[in-house]
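Q: Protein sequence lines correspond, in order, to chains A and B. Just so we're aligned, residue 297 is where the first sequence starts under our numbering, counting upward by one. Just so we're aligned, residue 297 is where the second sequence starts under our numbering, counting upward by one. Using N, Cα and C, we set each Cβ at its ideal position, and we do this for glycine too. It should be emphasised that the depicted structure is a prediction, and the values quoted were computed from it without experimental measurement. Shown below is the structure under consideration.
2 protein chains.
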Amino acid sequence: MNSSKEELLKVLETIAPFIHKTPVLSSRLINEMAGCEIQFKCENFQKMGAFKMRGAMYAISQLSEEKKKKGVVTHSSGNFAQALSLAAKSLDVPAYIVMPDSAPEVKKAAVRTYGGEITECPSTLQDRETTAKKIVEDKGASFIHPSNDLNVILGQGTAATELLLDHPELDIVICPVGGGGLIAGTAIATHVLLQNCSCIGAEPLAADDAWRSLQSGKIESNSSALTIADGLKTMLGDVNFPIIRDHVQEIIRVSEEEIIAAMRLIWERMKIVVEASSAVALAAILQQKNKFSNKKVGLIISGGNVDLNSLPF
Amino acid sequence: MNSSKEELLKVLETIAPFIHKTPVLSSRLINEMAGCEIQFKCENFQKMGAFKMRGAMYAISQLSEEKKKKGVVTHSSGNFAQALSLAAKSLDVPAYIVMPDSAPEVKKAAVRTYGGEITECPSTLQDRETTAKKIVEDKGASFIHPSNDLNVILGQGTAATELLLDHPELDIVICPVGGGGLIAGTAIATHVLLQNCSCIGAEPLAADDAWRSLQSGKIESNSSALTIADGLKTMLGDVNFPIIRDHVQEIIRVSEEEIIAAMRLIWERMKIVVEASSAVALAAILQQKNKFSNKKVGLIISGGNVDLNSLPF
């Protein structure tokens with residue numbers, strides 16, 4: 297990773313016309329409870345409701361004009377499917393989305409609303425990869441991985457870039473760890489922009505593959521992943537793992553009870569709708585108060601796409 | 297009502313150091329659905345989570361120093377109890393809160409957190425009034441009504457003042473109608489600050505006392521009030537009714553289903569936590585699309601204090 301401040305600013309400048317500069321909020325009461333000063337970077341207010349819009353936007357923008365005409369393809373049943381569809385639409389690029397046929401109708405409808413063309417397939421990873429590969433061959437479309445792609449990573453990092461440019465006083469930046477795109481981008485931005493600021497990840501105990509990967513020095517997977525933080529079940533990849541290994545100080549693991557309590561606290565006290573994955577980072581701070589005591593902490597709220605019919609409270 | 301722009305600005309200036317200037321948000325998708333352009337004034341982000349902080353603050357600020365020392369008293373089981381407690385605390389004034397002994401423990405705890413001293417009594421209106429009166433006599437404290445008090449009304453109107461100063465292009469301002477304090481203050485601000493802007497109220501069909509009051513020309517009450525918008529069950533008073541009668545163009549009534557659908561829309565699309573009472577105003581716009589077609593509309597989100605254990609979805 298050889299990024300410079302100029303490069304990161306150029307990434308931000310490239311996607312700025314197509315994304316929201318999201319607000320940074322704070323809560324006096326939560327600060328009192330946590331014993332530190334937290335700046336919440338609110339990507340729940342981002343377009344399509346999550347930070348993933350940033351990486352999708354930047355990855356598409358870096359394709360040649362010829363490649364853009366042929367379109368982009370990904371396999372995802374979550375936020376990245378919507379993000380890629382909307383980002384592609386903004387640039388008038390076709391988007392082909394491979395989704396498991398078992399995906400909820402509401403998620404398929406959201407992708408269609410944003411202009412994505414869905415190809416359904418059986419829900420195994422192999423089926424999804426084969427289906428995506430076939431679209432790459434048939435259409436000449438470019439495959440864009442949701443998290444294991446350097447341009448996606450650089451795009452996701454712009455949330456931290458915006459935060460750090462406005463808050464150069466921060467001691468620590470913390471964000472959730474799922475497939476590794478957000479934490480890798482955040483680690484790059486933190487490392488490049490602020491010399492004395494560290495980057496910490498937060499992960500559900502029930503899907504602690506990234507924590508185990510840092511322990512073992514190789515990419516680990518989850519045998520099962522029964523967590524409410526459904527955006528964090530995926531494993532790291534060979535592009536983002538070395539960045540995380542070299543530039544993330546620590547990964548803190550939290551229980552499901554801690555995630556739900558932190559989620560409730562954010563909803564009740566900050567009056568914002570955030571997904572469980574976002575609450576994982578606050579749960580980590582509340583669990584490890586000594587570590588964060590009196591620090592100035594930046595926390596990236598990853599998104600706000602929740603199913604109001606399946607709330608944990 | 298003989299307010300001038302100078303007077304309204306002075307009211308705002310008086311309370312500004314003690315309240316938040318709340319943000320104004322908008323949603324492209326909701327605008328598309330509604331067929332008009334809505335600016336949401338987000339009092340859910342106000343201190344203690346509701347606009348009531350404004351009126352409580354202004355009413356206390358207008359007491360003499362001697363009266364401030366003796367304290368303030370109100371009877372309320374809702375947001376105003378918390379608002380008066382917190383406002384009083386900001387000015388180092390004792391706050392005596394009369395609450396029905398049946399009030400939920402969580403609401404009593406919130407009042408105590410803000411420094412209010414609770415006196416419990418049976419839950420009839422007569423018991424509450426008698427208890428409050430006794431405190432006025434014993435302590436020499438000043439009674440402040442949650443909605444039927446001109447200073448409270450002027451204070452509540454500052455949400456609209458802030459909105460209209462930043463958005464002088466508005467054609468209509470809409471807000472929910474409960475005890476009448478917010479709508480009366482909003483009507484004064486709208487009337488004084490913008491010549492061609494009208495003020496509309498929104499009310500649950502199940503508690504349509506204000507709508508009936510405008511029809512009959514006298515204050516009507518609700519025989520029952522089974523609505524999810526629990527902040528809107530109260531009736532108007534002799535101070536706010538004439539203001540509402542003279543300066544509110546219309547009150548629109550909405551069903552419980554319309555309220556819940558609008559509440560869900562705000563949570564899902566704007567990613568903010570708002571109480572059902574706030575959703576009543578958006579429900580009114582969605583019900584009467586012709587009336588708002590292509591208009592620039594200001595909508596006052598009254599608050600965000602909800603019980604996450606009793607959500608309607």
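1. Can you confirm whether the segment 491-503 of chain B touches the segment 433-441 of chain B when touching is taken to mean that 3 or more C-beta pairs between the two stretches lie within less than 8 Å?
2. Since residue 554 (chain A) meets chain B, which of its residues come closer than 9 Å, beta carbon to beta carbon?
3. With DSSP as the reference, identify every bridge partner of residue 599 (chain B), one or two as the case may be.
4. Can you pull the chain B residues whose beta carbon is under 8 Å from the beta carbon of residue 341 (chain A), in chain order?
5. Less than 7 Å between the beta carbons of residue 450 (chain B) and residue 354 (chain B), yes or no?
6. Identify every residue that forms a DSSP beta bridge with residue 321 (chain B).
7. Considering Cα atoms alone, identify which of B:509, B:524, B:313, B:300 is closest to residue 606 (chain B).
8. Given that a residue counts as buried once 16 or more other Cβ atoms are within 10 Å of its Cβ, and exposed if not, what is residue 527 (chain A)?
9. Indicate the three-state DSSP secondary structure (helix, strand or coil) for residue 441 (chain B) in the structure shown.
10. Does any CB atom of chain A fall closer than 7 Å to the CB of residue 600 (chain B)?
11. Compare the beta carbon distance of residue 529 (chain B) and residue 521 (chain B) with 7 Å and say whether it is the shorter of the two.
12. Mind listing the chain A neighbours of residue 605 (chain B)? Cutoff is C-beta to C-beta under 9 Å, in chain order.
13. If I measure Cβ to Cβ from residue 446 (chain A) and keep anything under 7 Å in the same chain, skipping five residues before and after, which residues do I get?
14. Taking residue 563 (chain B) as the query, report the chain A residues whose CB atoms sit under 8 Å from its CB, ordered along the chain.
15. Count Cβ pairs between the segment 459-477 of chain A and the segment 362-370 of chain A that sit closer than 8 Å; are there 3 or more?
16. Please classify residue 427 (chain B) as buried or exposed, where buried requires at least 16 neighbouring CB atoms within 10 angstroms.
17. Should residue 382 (chain A) and residue 344 (chain A) be called a contact, given that it needs their Cβ atoms to be closer than 7 Å?
18. Please determine, among B:322, B:320, B:350, the residue with the shortest C-alpha to C-alpha distance to residue 310 (chain B).
19. Anything in the segment 466-481 of chain B with a Cβ closer than 7 Å to a Cβ of chain A? List those residues in chain order, please.
20. Name the chain B residues whose beta carbon is nearer than 7 Å to that of residue 560 (chain A)?
21. Taking C-alpha atoms, which residue in B:601, B:597, B:609 lies nearest to residue 319 (chain B)?
22. Can you grab the Cα-Cα spacing for the pair residue 336 (chain B) / residue 542 (chain A), in whole Å?
23. Helix, strand or coil for residue 410 (chain A) per DSSP?
24. Going by the DSSP bridge assignment, what does residue 416 (chain A) pair with across the sheet?
25. Are the beta-carbon atoms belonging to residue 341 (chain B) and residue 452 (chain B) less than 7 Å from one another?
26. I need the straight-line Cα distance from residue 496 (chain A) to residue 471 (chain A), nearest angstrom please.
27. Would you kindly report the start and end of the unbroken alpha helix (DSSP H) that includes residue 538 (chain B)?
28. Closer than 7 Å by C-beta to residue 327 (chain A): which residues in its own chain qualify, once you throw out the five before and the five after it? Chain order, please.
29. Taking only three categories from DSSP, how would you classify residue 523 (chain B)?
30. Output the boundary residues of the beta strand (DSSP E) element that contains residue 555 (chain B).
31. Is the separation between the beta-carbon of residue 576 (chain B) and that of residue 555 (chain B) shorter than 7 Å?
32. Under the rule that 16 or more other beta-carbon atoms within 10 Å means buried, what is residue 549 (chain B), buried or exposed?
33. Sort out for me which residues DSSP pairs residue 549 (chain A) with in a bridge.
34. Tell me which same chain residues have a C-beta within less than 6 Å of the C-beta of residue 609 (chain B), skipping the five on either side of it?
A: Reading off the structure:
1. no
2. Stepping through the first sequence from its first residue, residue 554 (chain A) is reached at position 258. Per Cβ cutoff of 9 Å: no residues; residue 554 (chain A) is ~17 Å from chain B at best.
3. What you label residue 599 (chain B) is simply residue 303 of the second sequence in a count that begins at 1. DSSP, once it has assigned bridges, lists B:346 as partnering residue 599 (chain B).
4. The sequence position of residue 341 (chain A) within the first sequence is 45, counting from 1. Listed by position along chain B, the residues whose Cβ is nearer than 8 Å to that of residue 341 (chain A) are 567.
5. The residue given as residue 450 (chain B) occupies position 154 in the second sequence. The residue given as residue 354 (chain B) occupies position 58 in the second sequence. The Cβ-Cβ distance between residue 450 (chain B) and residue 354 (chain B) falls below 7 Å.
6. By 1-based counting over the second sequence, the position of residue 321 (chain B) is 25. Looking at the DSSP assignment, residue 321 (chain B) forms a beta bridge with B:336.
7. The count along the second sequence starts at 1 and reaches residue 606 (chain B) at position 310. Residue 606 (chain B) has its Cα closest to that of B:524, out of B:509, B:524, B:313, B:300.
8. Reading the first sequence from its first residue, position 231 is the one you call residue 527 (chain A). Classification for residue 527 (chain A): buried.
9. Position 145 of the second sequence holds residue 441 (chain B). Three-state DSSP puts residue 441 (chain B) in coil, outside helix and strand.
10. The residue you call residue 600 (chain B) lines up with position 304 of the second sequence. True, the Cβ-Cβ gap to chain A drops below 7 Å.
11. For the purposes of this step, residue 529 (chain B) is taken as the residue at position 233 of the second sequence. For the purposes of this step, residue 521 (chain B) is taken as the residue at position 225 of the second sequence. Yes, these two residues count as a Cβ contact at 7 Å.
12. Looking up residue 605 (chain B) in the second sequence gives position 309. Under the 9 Å cutoff, chain A gives 609.
13. Here the question's residue 446 (chain A) lines up with position 150 in the first sequence. Only 535 meet the Cβ criterion.
14. Locating residue 563 (chain B) in the second sequence gives position 267, counting from the first residue. Correct list: 569, 604.
15. no
16. As a working mapping, residue 427 (chain B) is identified with position 131 in the second sequence. Counting Cβ neighbours within 10 Å, residue 427 (chain B) comes out buried, since at least 16 surround it.
17. Within the first sequence, the letter at position 86 stands for residue 382 (chain A). Within the first sequence, the letter at position 48 stands for residue 344 (chain A). Result yes, Cβ atoms of residue 382 (chain A) and residue 344 (chain A) sit closer than 7 Å.
18. For the purposes of this step, residue 310 (chain B) is taken as the residue at position 14 of the second sequence. Nearest option by C-alpha distance: B:350.
19. none
20. The residue you call residue 560 (chain A) lines up with position 264 of the first sequence. Here the neighbours are 604.
21. Working through the second sequence from its first residue, we reach residue 319 (chain B) at position 23. The candidate whose alpha carbon is nearest that of residue 319 (chain B) is B:597.
22. On the second sequence, position 40 is the one that residue 336 (chain B) refers to. On the first sequence, position 246 is the one that residue 542 (chain A) refers to. Between residue 336 (chain B) and residue 542 (chain A), the C-alpha separation is close to 44 Å.
23. Taking the first residue of the first sequence as 1, we reach residue 410 (chain A) at position 114. Residue state, collapsed to three classes: coil.
24. As a first step, residue 416 (chain A) must be located in the first sequence, where it is residue number 120. Looking at the DSSP assignment, residue 416 (chain A) forms a beta bridge with A:395.
25. Residue mapping note: residue 341 (chain B) aligns to position 45 of the second sequence, counting from 1. Residue mapping note: residue 452 (chain B) aligns to position 156 of the second sequence, counting from 1. Their beta carbons are not under 7 Å apart, which means residue 341 (chain B) does not touch residue 452 (chain B) by this criterion.
26. Reading the first sequence from its first residue, position 200 is the one you call residue 496 (chain A). Reading the first sequence from its first residue, position 175 is the one you call residue 471 (chain A). Cα to Cα, residue 496 (chain A) sits roughly 7 Å from residue 471 (chain A).
27. Counted from its first residue, the second sequence places residue 538 (chain B) at position 242. Run containing residue 538 (chain B): 536-543, per the alpha helix (DSSP H) assignment.
28. Residue mapping note: residue 327 (chain A) aligns to position 31 of the first sequence, counting from 1. So the qualifying residues of the chain are 333, 334.
29. For this step, residue 523 (chain B) is matched to residue 227 along the second sequence. Looking at residue 523 (chain B) - three-state DSSP - the assignment turns out to be coil, as it is neither helix nor strand.
30. Your numbering for residue 555 (chain B) matches position 259 in the second sequence. No beta strand (DSSP E) holds residue 555 (chain B); the alpha helix (DSSP H) holding it covers 552-561.
31. In the second sequence, residue 576 (chain B) corresponds to position 280, counting from 1. In the second sequence, residue 555 (chain B) corresponds to position 259, counting from 1. The answer is yes: Cβ separation under 7 Å.
32. Position 253 of the second sequence, counted from the start, is the residue given in the question as residue 549 (chain B). Buried, because 16 or more other Cβ atoms sit within 10 Å of the Cβ of residue 549 (chain B).
33. Here residue 549 (chain A) refers to the residue found at position 253 of the first sequence. Residue 549 (chain A) pairs with A:499.
34. In the second sequence, residue 609 (chain B) corresponds to position 313, counting from 1. Exclusion of the five residues before and after residue 609 (chain B) leaves 560 as the residues of its chain whose Cβ lies within less than 6 Å of its Cβ.
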